[in-house]
Each structure stands twice: as structure tokens, then as C-alpha cells.
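Comments concern the structure below.
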Amino acid sequence: PTAFYRNFIKTNQPINRIMEKEIKRILSALRLEYGVFWCLCVLTAVMYETDILPQGILSDDAQTAYMMQVTGILLAVLFIPLSLRMFHLSKVRYVSKLPVMDALKSYRRWSEVRLCLLLAPALLNLSVYYWTMDTAGLLCAGMVLLASLFCVPGRNRLQSELGLIQPEESEAKSADDAE
Numbered sequence: 285p286t287a288f289y290r291n292f293i294k295t296n297q298p299i300n301r302i303m304e305k306e307i308k309r310i311l312s313a314l315r316l317e318y319g320v321f322w323c324l325c326v327l328t329a330v331m332y333e334t335d336i337l338p339q340g341i342l343s344d345d346a347q348t349a350y351m352m353q354v355t356g357i358l359l360a361v362l363f364i365p366l367s368l369r370m371f372h373l374s375k376v377r378y379v380s381k382l383p384v385m386d387a388l389k390s391y392r393r394w395s396e397v398r399l400c401l402l403l404a405p406a407l408l409n410l411s412v413y414y415w416t417m418d419t420a421g422l423l424c425a426g427m428v429l430l431a432s433l434f435c436v437p438g439r440n441r442l443q444s445e446l447g448l449i450q451p452e453e454s455e456a457k458s459a460d461d462a463e
């Protein structure tokens, strides 16, 4: 399939312009969604810190606090590898077999699913931290936010993951861009 994409791009210049517009549109939407992900996490923390949302509501109830912490830990441990690995498997098995325009739409959908899989444990663990005032929730939220750094949308990443350019070409582009 990667040879198909490369040949398609090199031989169909008018279609290439349409595809470039679609790539720009998808990348701008993914960047916006990624920014919203981080804004929601920061906004949640700010709302707890400014006492808009209550802090320490589960600090007296040890059993409920323990269950919330275990739930947060399990969600983080389950969703981090699931979101990162599932994206790769779907790309290899499904997206790479689609025509280019459909592959771009599918890439966006799977990127959104991956971000949602990371958003749920991030917000839950931030809330668990503020509800229980125990750092286990903060640690798990930090792990999820760190994992989200592997999901930063970019043109080179999109093109290499869809096989639109060879990895050597993307490295050369990155080196050219750095100079």
C-alpha cells in the first residue's frame, strides 16, 4: 500500500492539491482537539485549585477513596497502552488498505479515539487526586499526560504513518527544516 500512496502522490498533481488541502484541514482539526485535551486538563486543575470544585471530599472515607484510586490506576494502566497500541494496529490492519482520502478520514477518527481514551483517565485521576488528596491520582494523571505527548499531531507523522512518504524522506525533511 505504501508504494500505491507514493505513486499516487507523484503522478496525480491536481489530486495532490486536493489531498494537501485535506491534510491541512485534518491536521488543523487534530491540533485543535489536542489543544482542547490539554486545556481541559489544565482547566480541571485550575477549577480545583480555585475551589470552584470541592477538594478533599473523599479524604475522610478511606474505603471510597481506595476504590477511586484503584479505579484511576486501572484506567491509566489499561488505557495508556491500549490507546497507543490500538492506534498502531488499526493503522496497519485497516487504514493502510484504504484509498488515500478515506485513509485520511480514518486516521483522524482513530486519532480522536486515541485522545479520548487518554482524556478519560487524565480527568478522572486529576479528580481523584483532588477528592482524596493522595498523590496516586496525580501520578497517574501525569503518566497519562506524558503518554499524550506521543500523540502530538504533525504533518511528518501523518504522512509517515499513512505511508505517504518513506521514513528516510521524513527524516531528510526534518533535517532540511532544521537547517
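First residue of the sequence shown? That's 285 in this note's numbering, and the numbers climb one at a time after it. Using N, Cα and C, we set each Cβ at its ideal position, and we do this for glycine too.
Checklist entry - Does DSSP classify Ile341 as helix, strand or coil? => result coil
Checklist entry - From Ala329 to Arg301, what distance separates their C-alpha atoms? => result 42 Å
Next on the checklist: I need the DSSP call for Asp386, collapsed to helix, strand or coil.
Outcome noted: helix
Item to check | Where Tyr378 falls: helix, strand or coil (DSSP) | outcome: coil
Next on the checklist: Rounding to the nearest angstrom, what Cα-Cα distance links Arg369 and Ile341 in this structure?
Outcome noted: 35 Å
Item to check | DSSP-derived helix/strand/coil call for Gly319 | outcome: helix
Checklist entry - Of the residues Ser444, Leu359, Ser411, Ala387, which one's Cα is nearest the Cα of Ser343? => result Ser411
Checklist entry - alpha helix (DSSP H) containing Val428: first to last residue? => result 419-432
Checklist entry - Hey, out of Arg315, Leu403, Lys305, Leu446, whose CA is closest to Ala360's CA? => result Leu403
Item to check | Neighbour-count burial assignment, Ser395, 16 or more Cβ in a 10 Å radius | outcome: buried
Next on the checklist: Suppose you measure from the CA of Leu423 to the CA of Leu430; what does that come to, to the nearest Å?
Outcome noted: 10 Å
Checklist entry - So, are the CB atoms of Cys325 and Leu442 less than 8 Å apart? => result no
Next on the checklist: Taking CB distances under 8 Å as the criterion, tell me whether Ile336 reaches chain B.
Outcome noted: Annotation note: the requested chain B is absent from the structure, which comprises a single protein chain.
Item to check | Length of the line joining the Cα atoms of Val239 and His372 | outcome: As displayed, the chain neither begins before 285 nor continues past 463, which places residue 239 out of reach and without an answer.
Next on the checklist: What would DSSP say about Ile336, mapped onto helix, strand or coil?
Outcome noted: coil
Next on the checklist: Within 10 Å of its beta-carbon, does Thr348 have 16 or more other beta-carbons around it, so buried, or fewer, so exposed?
Outcome noted: exposed
Checklist entry - If you draw a straight line from the C-alpha of Asn291 to the C-alpha of Arg393, how long is it? => result Confidence in Asn291 is poor, its pLDDT being 47 and thus under 50, which makes the residue's placement unreliable; the coordinate value appears in the next sentence. Rounded to the nearest angstrom, the two C-alpha atoms are 25 Å apart.
Checklist entry - Just how far apart, CA to CA, sit Leu388 and Leu366? => result 21 Å
Checklist entry - Candidates Met331, Tyr413, Pro383, Pro405: which alpha carbon is nearest Leu358's? => result Pro405
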